Amino acid sequence: MKFPSFTAVRSFRSSPQSGAAVSPSPLLALLAAALLAVAFLVQLVGALVPVLPLFVVGSVAGLLLDLYLVRRQPRVTAWLGRVRFDVTSRQLLRDMLIVVGLIRTPGIDPLEEPLALALLCGYFLHFCCQGVALLVRRTRTLPVVTRNIDASDLRLSAAPPRLLARQPSRRLLHFSVPATAGLLAGAVTGDALWALLGLGLTLLLSLVGTVWLATWLLPKRRPANERQTLEWLDRWLAEYRPTVAMYFSGGATSAYQANMWLSTLSSLEGRPLIVLRERFMVQKIEATDVPIVCIPKVAHLMHLEHSSLKAMLHPANSGKTSQVLRIPSIKHAFINHGESDKLSSCNPYAKAYDEVWVAGPAARERYRLADIGVDDHDVVEVGRPQLAPIRPYDGPPAADGFTTVLYAPTWEGWTDDPGNTSIILAGENIVRALLADPKVRLLYKPHPMTGSVDPRAGRADARIRQMIAEANARRSGPRPGPEAAAELARRTAALDELTTSAFRASADEMERMLLQSSPEGNRETAVAAATAAWEEAYWASFPEWEHQVITGPRPALYSCFNHSHLLISDVSSVVSDWLAGEKPYAVTNTTGLSEEEFRTGFPTVRAAVILTPDASGVPALLESVRDPGKDTLVRARAELKTHLLGPADPPSVVRFDRAVRELCAKAEARQARQARMGTAFREASELRGTGGIEAEEKTLDANGSEDAVNV
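Take the numbering used here: the final residue in the sequence shown is number 736, and no numbers are missing along the way.
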């Protein structure tokens, strides 16, 4: 069976920290717990009194509520499990109460009939199925995860049904429905036959499900084991012969740090590779034709040491970075995911790398002043190759048109410094001042991690969005016709077809590897063309006067740059990137420093208009954007652009590729030196093992002591 090839997956929101347990709202959790308690209480009363209608209602209501929670409220189900009241406990309690009710019901004695035994057999088969599911999941969890690589030699196969392999709670509830229905029917009719029929159907479902799931353990369906998989990895590395890799490790919301380098990585002359450490990150990487290998365990990561890899690029620091730095055959360069004047842009961790690649002289000076142990000769200026899509400044907005302002505040960061983000102290004032100008169209694009550390930032973000919605409700004007929306829908479908893999619900990691095999054709070129067409259709689908709240990966930040006349932001890498177009920009000073101290301490704001938290300077700022004669920072922006991003010639892409080749050459030189040292050591060992020791023995025989040899 031939499976189609895909290179990217559906983008989706995730929790701020991967793998972190997300608690439901307290009200919903308490309501669910209360309803379950009421259902069990009604069932208990109905069983003890006994009151048959009450008993049946309590049993059915409890089962239906459990089915609803498992299917629609998984967070509540997880919370109940953490308080030791999981699905198995609830179903066991429900069945126990049904047995009590049957004991109290005339005509049926579940202790004499084989009902209790059948019920116990049902639970036995449930746990047997769970044991088989664990074995299947273990055999299908390979030591590496790949994408854009033909891994068919690993005997990959489609996943078993998720209900059997990965959803024990749902399986127990669904398979228990016939048993519960039969037991209740027996209680109502007084005929044990109905109970036996229901229990028999549950036993049959459990048995068939267990046997079917066990077929994935047969030799023909078993994938390669750990040893075979690692041997395949070595063979693939030897065949592909990668020269440079991008190494990335991080949380679910940090994937953008790697995604911004995809186009640059794929344009390199060598054979690029992407190395990941977290399994979930494989599906977070956007559309690319570059092969992706995820190696979670550090012991398996060492297989890269014997590959042809010479250089490894790091867009971010992480705890797992130190694990790959120990490979001596590879040279490592820190390329960062953006540059700004914040302390995070000159982290002391950078001295662990062989080289630190920066955009221009400003970053070199920043490392020198920070004095964190990074030698100046290890800093390499490569520019910012990702900035090629940014269009240059083409003049002020038309007198009869709208001034488009992009407000892109950064997030609050890991410290409580109020200068990290303007959204808490100044965000609402800035937005209010912009919305007050009838000739302004606002594009609000908050950082994706806004509110993840300081709840005040999240609340301010929500209020800003509400302000924008209310401002749009007060505006009116001509809107694009239905053909614009149809065109956007058509372009969205075309782009999704290229960048979204349609996995079935039961697909697991191995099945995705099978589907995401070697890409066919030049998919990246097609994705770039489809993205450009989508962005054009997106902006054409909205009226010129309507404010926009932009979240998610589309439209990209640089597309917002190209449709804006002015940027208002914070001290962040957004400012450095914006300067590639040399358009006017403003930075909000929420640090408590004076304007002079602020400009001195943060070089990226030297060509900016400085706004105070009250946003009183917004009207004058807008006037300077509309009237070039009042824009006194044109020359300063051009000079700062060169200082931050380096010269325009040669292009940044050329400088970056040259830096990669030079780093690979250094790795080859080091490997050659190590080879020469190894040869010299072996020759010395051989000499000592033959003639050297014989000469020593002769000397000892002649002198009769070891002292002569020492002399």
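Think of the CB as a built atom: it goes at the ideal place given N, C-alpha and C, for glycine as much as any other residue. Note that the coordinates shown come from a computational prediction; the quantities given were computed from them, not determined experimentally.
Along the region 95 to 177, the alpha helix (DSSP H) occurs as fully enclosed runs of 4 or more residues at 99 to 107, 112 to 128 and 140 to 164, listed in sequence order.
Taking all protein chains in view, the Cβ of residue 451 is crowded by 16 or more other Cβ atoms within 10 Å, so the residue is classified as buried.
Per DSSP, reduced to three states, the secondary structure at residue 680 is helical.
The beta carbon of residue 344 sits closer than 8 Å to those of 274, all from its chain and outside the five residues before and after it, given in chain order.
About 59 Å separates the Cβ atoms of residue 258 and residue 462, ruling out a contact at the 8 Å cut-off. Rounded to whole angstroms, residue 230 and residue 349 show a C-alpha spacing of 48 Å.
Around the beta carbon of residue 356, 16 or more other beta carbons sit within 10 angstroms, so the residue counts as buried. For residue 330, the number of other beta carbons within 10 angstroms of its own is below 16, and it is reported as exposed.
Relative to residue 416, the option among 241, 322 and 602 whose CA is nearest is 602. Bridge partners of residue 297 according to DSSP: 269. If the five residues before and after residue 488 are omitted, its C-beta is found closer than 7 Å to the C-beta atoms of 453, all from its own chain and listed in chain order. For residue 532, the CB contacts under 6 Å within the same chain, skipping 5 residues up- and downstream, are 184 in chain order. When the beta-carbon positions are compared, residue 312 and residue 523 come within less than 8 Å of each other. Around residue 92, the same chain offers 198 as residues with beta carbons nearer than 6 Å, after the five sequence neighbours per side are excluded. In chain order, 385, 386, 387 and 628 place their CB closer than 8 Å to the CB of residue 668, counting only its own chain and leaving out the 5 sequence neighbours on each side. Pairwise C-beta distances place the region 95 to 102 out of contact with the region 175 to 191, as fewer than three of them are shorter than 8 Å. By the Cβ neighbour-count rule, residue 590 is buried, with 16 or more other Cβ atoms within 10 Å of its own. Collapsing the DSSP output to three states places residue 563 in a helix. Leaving aside the five residues that flank residue 580 on each side, the residues in its chain whose CB is nearer than 7 Å to its CB run, in chain order, 560 and 563. Only residues of its own chain outside the window of five on either side were considered, and among them 410 have a CB closer than 6 Å to the CB of residue 678, listed in chain order.
Scanning the region 633 to 669 from its first residue to its last, the whole beta strand (DSSP E) runs of 3-plus residues come out as 634 to 636.
DSSP places residue 359 in the strand class (E or B) of the three-state scheme. The criterion of a C-beta distance shorter than 8 Å is satisfied by residue 595 and residue 434. Judged by DSSP secondary structure, residue 231 falls within the alpha helix (DSSP H) whose first and last residues are 217 to 239. Counting only the Cα atoms, residue 691 lies some 37 Å from residue 631.
Here residue 119 is near residue 87, since their CB atoms are less than 8 Å apart.
Excluding the 5 residues flanking it on each side, residue 334 has same chain C-beta neighbours closer than 6 Å at 267, 270 and 355, in chain order. If only uninterrupted beta strand (DSSP E) runs of at least 3 residues are considered, those enclosed by the region 272 to 332 are 297 to 301 and 317 to 319. Assignment of residue 402 by DSSP, reduced to helix, strand and coil, places it in the helix class. Within the DSSP bridge table, the entry for residue 337 names 270 and 357 as partners. By the 16-neighbour rule on beta-carbons within 10 angstroms, residue 250 is exposed.
Look at residue 593 here: in three-state DSSP terms it is strand.
Around the beta carbon of residue 597, 16 or more other beta carbons lie within 10 angstroms, which makes this residue buried. When Cβ pairs closer than 8 Å are counted between the two stretches, the region 224 to 240 is seen to touch the region 148 to 159, the count reaching three or more.
Taking C-beta atoms under 8 Å as the contact rule, residue 653 and residue 421 qualify, at a distance of about 6 Å. The residue from 399, 373 and 363 with its alpha-carbon nearest to that of residue 380 is 399.
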